[in-house]
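There are 2 protein chains.
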Amino acid sequence: MNNFEYLNPTRILFGAGQIASVANHIPPTARVLMLFGGGSIKANGTYDEVKAALAGHFVVEFGGIEPNPHYETLMRAVELVKSEKIDFLVAVGGGSVIDGSKFVAAAAVFDGEPWDILAKGGKVVQGALPFGAVLTLPATGSEMNSASVITRAATREKRAFASPHVYPQFSVLDPSKTFTLPLRQVGNGVVDAFVHVMEQYMTYPADAPVQDRFAEGLLLTLIEQGPRVLAAPEDLSVRANIMWTATMALNGLIGVGVPQDWSTHMIGHELTALYGLDHAQTLAVVLPGILSVKREAKRGKLLQYAERVWGLREGSEDARIDAAIERTRAFFEQMGVPTQLSSYQLDASAIDAVASALEAGGLVKLGEHRDVTPSVARAALQLSL
Amino acid sequence: MNNFEYLNPTRILFGAGQIASVANHIPPTARVLMLFGGGSIKANGTYDEVKAALAGHFVVEFGGIEPNPHYETLMRAVELVKSEKIDFLVAVGGGSVIDGSKFVAAAAVFDGEPWDILAKGGKVVQGALPFGAVLTLPATGSEMNSASVITRAATREKRAFASPHVYPQFSVLDPSKTFTLPLRQVGNGVVDAFVHVMEQYMTYPADAPVQDRFAEGLLLTLIEQGPRVLAAPEDLSVRANIMWTATMALNGLIGVGVPQDWSTHMIGHELTALYGLDHAQTLAVVLPGILSVKREAKRGKLLQYAERVWGLREGSEDARIDAAIERTRAFFEQMGVPTQLSSYQLDASAIDAVASALEAGGLVKLGEHRDVTPSVARAALQLSL
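So the protein sequences, as listed, match chains B and Y.
In this text, residue positions in the first sequence follow my numbering: the first is 5, and each later residue adds one.
In this text, residue positions in the second sequence follow my numbering: the first is 5, and each later residue adds one.
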């Protein structure tokens with residue numbers, strides 16, 4: 005295991021009914037901006053519950069944050085923060101709203117051109133408004149990490165930033181708030197969390213058995229609970245387990261001291277930018293191919309994954325690896341997330357477009373060995389035509 | 005899974021060479037008290053490394069904190085904090101030094117009789133001096149939690165307190181600093197961490213698969229790495245894995261939202277108080293008996309433990325449970341920690357004394373079902389004569 009530094013200062017308030025406690029974690033004199041997305045939180049009662057919890061506070065609202073949140077939208081929120089002298093943000097929604105709120109928190113106090121926060125990956129962030137989150141969609145882990153992905157609609161640029169200043173001060177994880185999610189979003193969330201774990205786990209053996217076993221535990225839990233949530237969407241316990249798994253999948257813990265990949269995410273971002281696929285859909289398309297194409301570099305971990313996650317102990321090494329990749333693909337399909345480009349009405353021309361976009365964006369050395377070039381991405385996608 | 009609140013604000017600085025970065029996490033103008041135990045940190049170079057790292061700071065030293073740290077000793081450190089106007093503590097040592105420093109941090113700013121902090125379990129703590137730790141003995145988890153156990157030598161009272169004010173601000177986990185530990189302390193540390201996990205895991209099924217699998221991952225890692233450290237004490241990677249496992253075993257994470265037992269610890273404390281056994285020795289004696297005596301209440305988890313941790317899938321339920329308990333006992337013995345009272349020159353009279361001490365201390369309803377009475381403790385200890 006490599007040396008590492010780890011600090012995660014987010015307070016988790018987990019369980020049904022926890023929204024009511026939000027006000028205990030916001031200064032009484034705070035001027036609050038409540039940020040959210042479309043109308044789903046109004047339809048399912050979450051909006052009313054948060055408003056009731058904040059009844060003693062000065063609250064301004066900012067709705068309409070879209071999936072893959074737009075820089076342009078968020079800059080309007082930044083203006084509102086300034087004009088209303090807001091000093092605390094409350095994000096109510098999924099990863100897009102929370103990611104967007106992180107950007108607003110940083111941009112509102114940023115001395116300079118806010119796009120630089122994204123252009124420079126967050127390194128220029130010196131501070132941020134404090135904020136909390138009420139999570140409604142388990143998937144991205146944004147509720148307990150310091151990262152954010154923002155899209156500039158005008159130029160179709162999708163950029164990430166991270167800064168220790170944008171950890172949520174608190175996040176409410178109330179699994180009952182996920183009952184009304186469309187099943188497509190539920191399946192997407194499970195696949196997203198699964199691939200977050202894989203990006204930190206499926207590299208090469210680094211003699212980090214705690215991180216490995218925690219990662220495997222999260223994967224096993226998603227494989228176990230994912231089909232249950234589709235079969236019994238109103239089961240609070242299943243919802244709770246999926247929610248906690250998705251948070252643990254990307255709060256930094258399983259990634260300490262180990263190599264990380266993230267090529268699937270980077271390639272997938274291009275599919276979203278070019279064709280509008282859901283984030284998780286892109287991951288489901290890309291990951292199986294990456295695992296297959298990079299099987300030599302990942303051999304040790306692929307065999308461990310085959311055995312510990314899928315119970316595959318028979319046959320040749322390559323047979324076990326193939327079976328593990330097939331099981332992974334089948335699991336994504338079972339969660340309602342197709343793994344082939346043709347399912348999204350895309351053909352080989354999309355592969356060319358993705359490879360070109362990676363090239364154009366300078367994303368030519370991805371993965372834990374920096375050897376996932378656009379031609380490797382091309383080979384991976386060809387396995388998912 | 006039950007509702008829970010989780011926040012762990014300790015910054016972990018993990019790996020060889022990390023002591024040098026300590027000063028980055030202490031205000032430059034701080035007046036520092038460096039607390040430590042006996043001479044071991046001077047013999048192995050840790051003392052010199054910490055002093056070098058703190059060269060730019062005003063530093064006063066307080067050595068001589070004993071195992072099972074004494075209230076009387078620590079109150080002398082509190083006096084020194086006041087007379088020297090100390091405003092930051094650095095604990096250098098194992099769990100006893102860190103536990104002791106937590107008490108000093110709280111008592112130094114406490115308005116009232118400091119014993120109340122312990123008598124009331126920390127509920128009266130309103131604040132504490134900031135402090136950091138340099139860990140030299142992986143075992144207790146004190147480096148990343150908010151709990152502390154202190155002994156009043158005059159009355160032989162061993163009391164615990166916990167407060168969110170006494171999380172270390174940072175902890176350095178440098179596994180190379182553990183090379184010079186006596187093997188008895190190494191084995192004790194592995195057993196201590198193992199039983200910390202068991203206290204949070206071995207209760208009844210609570211549909212918390214992430215917590216279960218994380219706990220099982222830590223147990224499997226201790227079973228895998230424990231014998232390696234005895235065979236190759238200079239293997240940095242093994243030392244690192246044991247260190248990280250022991251921290252994760254008691255930083256609160258695996259215990260969120262699940263029932264907890266802790267009866268083995270409470271019974272064990274009496275064995276230490278009465279006969280001076282090492283803390284881990286008491287756990288090794290008590291746990292196997294508790295598992296056997298409480299096998300009905302713990303049946304579901306015992307079977308899960310037998311299968312997932314020890315790979316036991318054959319035979320009747322009770323045969324698997326018996327085998328799992330025997331494997332547990334054998335593992336402790338393998339780590340050099342005897343599991344029977346006779347190994348410590350104790351006989352049945354010790355059982356009477358422990359039962360009486362529990363009774364006298366009002367510790368008559370222990371365990372996740374509050375049904376571990378002194379007579380249950382007696383029955384458990386009789387299995388380890």
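A virtual CB, placed ideally from N, CA and C, is assigned to each residue, including glycine.
Counting other Cβ atoms within 10 Å of its Cβ, residue 183(Y) stays below 16 and is therefore classed as exposed. Using a Cβ-Cβ distance cut-off of 8 Å, the segment 149–165 of chain B and the segment 42–49 of chain B are not in contact, since fewer than three pairs of beta carbons, one from each stretch, lie closer than that value. Taking 7 Å as the upper bound on Cβ-Cβ separation, chain Y lies near no residue of the segment 358–388 of chain B.
For residue 261(B), there is no enclosing beta strand (DSSP E), as DSSP gives it neither H nor E. With a cutoff of 9 Å on beta-carbon distance, residue 57(B) and residue 23(B) are scored as near each other. Less than 9 Å separates the beta-carbon of residue 111(Y) from that of residue 82(Y). Using a CB distance below 8 Å, the part of the segment 8–19 of chain Y facing chain B consists of 8, 9, 10, 11, 12, 13, 14, 15, 16, 17, 18 and 19, ordered along the chain. With fewer than 16 other Cβ atoms from the protein chains shown falling within 10 Å of its own Cβ, residue 186(Y) counts as exposed. Residue pairing by DSSP places residue 65(B) opposite 38(B) in a beta bridge.
Assignment of residue 200(B) by DSSP, reduced to helix, strand and coil, places it in the helix class.
In this chain, residue 321(B) is not harboured by any beta strand (DSSP E); it is covered by the alpha helix (DSSP H) spanning 321–338. It is roughly 7 Å from the alpha-carbon of residue 107(Y) to the alpha-carbon of residue 152(Y). Short of 7 Å from the beta carbon of residue 169(B), and not among the five residues preceding or following it, lie these beta carbons of its own chain, in chain order: 110, 129, 131 and 132. Counting only the Cα atoms, residue 98(Y) lies some 43 Å from residue 270(B).
A residue is called buried when at least 16 other Cβ atoms come within 10 angstroms of its Cβ; residue 34(Y) meets this threshold and is buried. For the options 137(Y), 85(Y), 100(Y) and 355(Y), the alpha carbon positioned closest to that of residue 114(Y) is the one of 85(Y).
Linking residue 247(B) to residue 67(B) through their CA atoms gives a straight-line distance of about 24 Å. Taking all protein chains in view, the Cβ of residue 116(Y) is surrounded by fewer than 16 other Cβ atoms within 10 Å, so the residue is classified as exposed. Not one beta carbon of chain B lies nearer than 9 Å to the beta carbon of residue 184(Y).
The beta carbons of residue 389(B) and residue 10(B) sit no closer together than 9 Å. Under the DSSP assignment, residue 16(B) falls outside any alpha helix (DSSP H), being part of the beta strand (DSSP E) whose first and last residues are 8–18. Among the residues facing chain Y, residue 50(B) is not included, as its CB has no counterpart in that chain under 9 Å away.
C-alpha of residue 301(B) to C-alpha of residue 61(Y): approximately 47 Å in a straight line. Interface criterion met: the Cβ of residue 260(B) is under 9 Å from a Cβ in chain Y.
Unbroken alpha helix (DSSP H) stretches of 4 residues or longer found wholly inside the segment 347–385 of chain B: 352–364, given in chain order.
A direct Cα-Cα distance of roughly 32 Å separates residue 13(Y) from residue 305(B). Going by beta carbons, residue 215(B) and residue 265(B) fall outside the 9 Å limit.
The DSSP-derived three-state label of residue 161(Y) is strand. By the C-beta density criterion, residue 221(Y) is buried, having at least 16 other C-beta atoms within 10 angstroms.
Of the residues 383(Y), 385(Y), 329(Y) and 243(Y), the one whose Cα lies closest to the Cα of residue 191(Y) is 243(Y). For residue 167(B), there are no neighbours in chain Y by C-beta distance under 7 Å, as the nearest C-beta there is about 16 Å away.
The C-beta of residue 119(B) comes no closer than 9 Å to any C-beta of chain Y. Taking the C-beta atoms as reference points, residue 316(B) is found no nearer than 9 Å to residue 148(B). By the criterion of a C-beta distance shorter than 6 Å, residue 295(B) is surrounded in its chain by 329, once the five residues flanking it on both sides are discounted.
Proximity of residue 6(Y) to chain B, defined by a Cβ-Cβ separation below 9 Å, is satisfied. If the five residues before and after residue 272(B) are omitted, its C-beta is found closer than 6 Å to the C-beta atoms of 286, 287 and 290, all from its own chain and listed in chain order.
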